[in-house]
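Colleague:
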Amino acid sequence: MSVRVTTDAFDPGAETNSFLAAGKGAGAAVTFTGMVRSSPDAPITTLSLECYPELAINQLSAMLATATARFDLLAATIIHRYGVLRAGEPIVQVMTLSAHRRAAFQGAEFLMDYLKTDAPFWKQESGPDGTRWVAAKGDDDAAKARWD
Amino acid sequence: MSVRVTTDAFDPGAETNSFLAAGKGAGAAVTFTGMVRSSPDAPITTLSLECYPELAINQLSAMLATATARFDLLAATIIHRYGVLRAGEPIVQVMTLSAHRRAAFQGAEFLMDYLKTDAPFWKQESGPDGTRWVAAKGDDDAAKARWD
Amino acid sequence: MKILYFAWLRERLNRGEEEVSPPDGVVTIADLIDWLAQRDEAFAHAVEKRSLIRSALDARLVPHTTPIAGASVVALFPPMTGG
Amino acid sequence: MKILYFAWLRERLNRGEEEVSPPDGVVTIADLIDWLAQRDEAFAHAVEKRSLIRSALDARLVPHTTPIAGASVVALFPPMTGG
């Protein structure tokens, strides 16, 4: 189990390979990578993520422990960036390793659903129309509630 | 959309990075990697995968088209190896890209469930106790039936 | 018409493919399997549980009820174990 | 006791942290928010919708009903938007 909360950029593929190398003998690995989204309708030039690092590490560690026990994961990692990011850059990566595919998928989806609502990061988008704080979504609360 | 059926080894992280590089502006990517499993209880020295390549390409292409339409994917790739593999080596990788995480997860899980039952590969395990064909699992039929 | 065999079906028959010329009465893949089984006891034994035999026609997965007229390759194989 | 503010709450208050010494009657985080709101009109306005304010005590996420006795850092912030 590993948590990394960092202002440094990370390489999604290199992280996946390190994660897989540590899990010899396991059958199924899932990697989720979340990137700064930008569409022609709503172009984003930068995304600033504010973070409360001490709380983030506590929250992410608790999520990993819960997911590991619940889905019988052999390994799980969360990497979460903060600071100023450009469109297309990776923000977050969640990786899970399990003997069976269903557990690896469910563990990764569980972690992402909890990260959206329970990890102390706050997003501020900047584009041609100015800067705004991203509001929390009701959809994200509903996604998390699926696991209750 | 891309399908690769090959006897060549592939690099999971490098494949993820190529896939992500092509999808600038999208928010969510899921990579599933399936590896040759080996446990102390049931050690596997090699896994031989037999394949009917022409049918595999047709089946995998149809699965990708179905998943892309159903989950509104921006991109999706399947890489599937055959031939003789050692324990720990990647067999299969599925990658999906979407504006939203739920679709990327569901698309990847849908593709894996279909690959298990509808892709013309046949697995033969070799270990200290000899060689045996892996039987199709009822669980895999049930997993696929979830999407009906 | 060419017939392909895979996995344990290929092993039991001791061949990966063969050329056959089925007579007029052989309309579907099911008919073809019956006809092949009549000609060859090893084949009859290998396909005894028909529910364990899958089929493809010109590299398209199809049920045993599919007519074979016009096809050039029929493949017969056990349940698939991909992924 | 140190209080931390994040995101738009930090911006509206124009400060990321402050030291306070709440009187004895301030038992819970809810009491602390009420007490801070009484002292400062800008604060009162920023926390008007209490359902939009989340809280942590010594880097643990807790509800507003949590007692603050013995804690050294309280954090107040809007709903989180991680992931």
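Chains as they are written, first to last, in this note's numbering: chain A, 1314 to 1461; chain B, 1314 to 1461; chain C, 462 to 544; chain D, 462 to 544. From the three backbone atoms N, C-alpha and C, an ideal C-beta is built for every residue, glycine too. Quick caveat: nothing in here was measured; it's all calculated off a predicted structure.
For Glu-502 of chain C, count neighbouring C-beta atoms within 10 Å of its own C-beta (all shown protein chains included) and say buried if the count is 16 or more, exposed if not.
Modeller: It counts as exposed.
Colleague: Just checking: is the beta-carbon of Leu-1333 of chain B within a distance shorter than 8 Å of some beta-carbon in chain A?
Modeller: Answer yes: the Cβ-Cβ gap between Leu-1333 of chain B and chain A drops below 8 Å somewhere.
Colleague: Checking the sheet assignment: what are the DSSP bridge partners for Phe-538 of chain C?
Modeller: Paired residues: C:Arg-515.
Colleague: Since Arg-521 of chain C meets chain E, which of its residues come closer than 8 Å, beta carbon to beta carbon?
Modeller: In the structure shown, chain E cannot be found, because the protein chains are A, B, C and D.
Colleague: Going along chain D, which residues have a C-beta under 7 Å from Gly-1396 of chain A?
Modeller: Chain D residues near Gly-1396 of chain A: none, gap ~14 Å exceeds 7 Å.
Colleague: In chain order, what residues of the same chain have a beta carbon less than 6 Å from the beta carbon of Glu-1363 of chain B, not counting five sequence neighbours either side?
Modeller: Excluding sequence neighbours, Glu-1363 of chain B sits near Trp-1435.
Colleague: Just list the alpha helix (DSSP H) runs in the segment 1327-1388 of chain A, keeping only unbroken ones of 4 residues or longer that don't cross its boundaries, in chain order.
Modeller: The qualifying runs are 1366-1384.
Colleague: Could you check where the beta strand (DSSP E) with Arg-1399 of chain B kicks off and where it finishes?
Modeller: That run of the beta strand (DSSP E) goes 1396-1399.
Colleague: Mind checking the segment 1335-1354 of chain B against chain A and listing, in chain order, the residues whose C-beta falls within less than 9 Å of any C-beta there?
Modeller: Those residues of the segment 1335-1354 of chain B that come within reach of chain A (Cβ to Cβ, closer than 9 Å) are Gly-1336, Lys-1337, Gly-1338, Ala-1339, Gly-1340, Ala-1341, Ala-1342, Val-1343, Thr-1344, Phe-1345, Thr-1346, Gly-1347, Met-1348, Val-1349, Arg-1350, Ser-1351, Ser-1352, Pro-1353.
Colleague: List the endpoints of the continuous beta strand (DSSP E) containing Met-1408 of chain A.
Modeller: Here the beta strand (DSSP E) through Met-1408 of chain A covers 1403-1411.
Colleague: Assuming contact is defined by CB atoms lying nearer than 8 Å, are Val-1316 of chain A and Leu-1377 of chain A in contact in what I supplied?
Modeller: Contact: yes.
Colleague: Just checking: is the beta-carbon of Pro-539 of chain D within a distance shorter than 8 Å of some beta-carbon in chain A?
Modeller: So, interface residue.
Colleague: So what does DSSP say about Arg-476 of chain D, is it helix, strand or coil?
Modeller: If DSSP states are grouped into helix, strand and coil, Arg-476 of chain D belongs with coil.
Colleague: In whole angstroms, what separates the C-alpha of Leu-493 of chain C from that of Ser-482 of chain C?
Modeller: Distance between the alpha carbons of Leu-493 of chain C and Ser-482 of chain C: 10 Å.
Colleague: Just tell me which of D:Glu-472, D:Pro-484, D:Arg-471 has its CA closest to the CA of Met-462 of chain D.
Modeller: Comparing Cα-Cα distances from Met-462 of chain D to each of D:Glu-472, D:Pro-484, D:Arg-471, the minimum goes to D:Pro-484.
Colleague: Can you give me, in chain order, the residues of the segment 1402-1426 of chain A that have a beta carbon less than 7 Å from any beta carbon in chain D?
Modeller: The residues in question are Val-1405, Met-1425.
Colleague: Would you kindly report the start and end of the unbroken beta strand (DSSP E) that includes Ile-464 of chain D?
Modeller: Element bounds for Ile-464 of chain D: 463-466.
Colleague: Is the segment 1413-1429 of chain A in contact with the segment 1335-1345 of chain A, if contact means three or more CB pairs nearer than 8 Å?
Modeller: In short, these stretches touch, since the Cβ pair count reaches three.
Colleague: Determine the direct distance from the alpha carbon of Arg-500 of chain C to that of Val-487 of chain C, and round the result to whole angstroms.
Modeller: If I take the Cα positions, the gap works out to 13 Å.
Colleague: Have a look at the DSSP bridge pairing and note the partners of Pro-528 of chain D.
Modeller: Answer is D:Thr-489, bridged to Pro-528 of chain D.
Colleague: Using a Cβ-Cβ cut-off of 7 Å (strictly less than) and excluding sequence neighbours within five positions of Thr-402 of chain C, which residues of its own chain qualify?
Modeller: In the structure displayed, chain C extends from 462 to 544; residue 402 of chain C sits before or after that span and is not available.
Colleague: How should Val-1349 of chain A be labelled, buried or exposed, when 16 other C-beta atoms within 10 angstroms of its C-beta is the threshold for buried?
Modeller: Label assigned to Val-1349 of chain A: buried.
Colleague: Do Thr-1358 of chain B and Gly-1443 of chain B have their C-beta atoms closer together than 8 Å?
Modeller: Not in contact: Thr-1358 of chain B and Gly-1443 of chain B (Cβ atoms no closer than 8 Å).
Colleague: Would you give the residue range spanned by the alpha helix (DSSP H) that Arg-1415 of chain A belongs to?
Modeller: From DSSP, the alpha helix (DSSP H) with Arg-1415 of chain A extends over 1414-1431.
Colleague: Inspect the beta-carbon positions of Gly-544 of chain C and Lys-1429 of chain B and report whether they are closer than 8 Å.
Modeller: Going by C-beta atoms, Gly-544 of chain C is nearer than 8 Å to Lys-1429 of chain B.
Colleague: Cα separation between Phe-1418 of chain A and Arg-1399 of chain A?
Modeller: Straight-line Cα distance between these residues: approximately 28 Å.
Colleague: Taking the alpha carbon of Asp-1321 of chain B as the point to measure from, which residue in B:Tyr-1365, B:Val-1405, B:Ser-1352 has its own alpha carbon closest?
Modeller: Nearest of B:Tyr-1365, B:Val-1405, B:Ser-1352 to Asp-1321 of chain B, Cα basis: B:Val-1405.
Colleague: Would you please state the rounded distance, in angstroms, between the beta carbons of Pro-1325 of chain B and Asn-1330 of chain A? I believe it to be under 8 Å.
Modeller: With a Cβ gap of about 6 Å, Pro-1325 of chain B and Asn-1330 of chain A count as contacting.
Colleague: Could you tell me whether the Cβ of Thr-542 of chain C comes closer than 8 Å to any Cβ of chain B?
Modeller: Closer than 8 Å: yes.
Colleague: Would Leu-465 of chain D count as contacting chain A if we go by Cβ distances under 8 Å?
Modeller: Closer than 8 Å: yes.
Colleague: Which residues in the same chain have their Cβ closer than 6 Å to the Cβ of Trp-496 of chain D, if we skip the five residues on either side of it in sequence?
Modeller: These residues qualify, in order along the chain: Pro-483, Val-487.
Colleague: Tell me whether the beta-carbon of Trp-469 of chain C lies closer than 8 Å to the beta-carbon of Pro-540 of chain C.
Modeller: No. Outside cutoff.
Colleague: From Thr-1409 of chain A to Leu-1373 of chain A, what distance separates their C-alpha atoms?
Modeller: If I take the Cα positions, the gap works out to 14 Å.
Colleague: Report all residues from its chain with a CB closer than 6 Å to the CB of Arg-473 of chain C; omit the five preceding and five following residues, and keep chain order.
Modeller: Ala-507.
Colleague: Bridge partners of His-506 of chain C, per DSSP?
Modeller: For His-506 of chain C, which the question treats as bridged, DSSP gives no partner whatsoever.
Colleague: Opposite Lys-1436 of chain B in the DSSP bridges: which residues?
Modeller: B:Leu-1362, per the DSSP bridge assignment.
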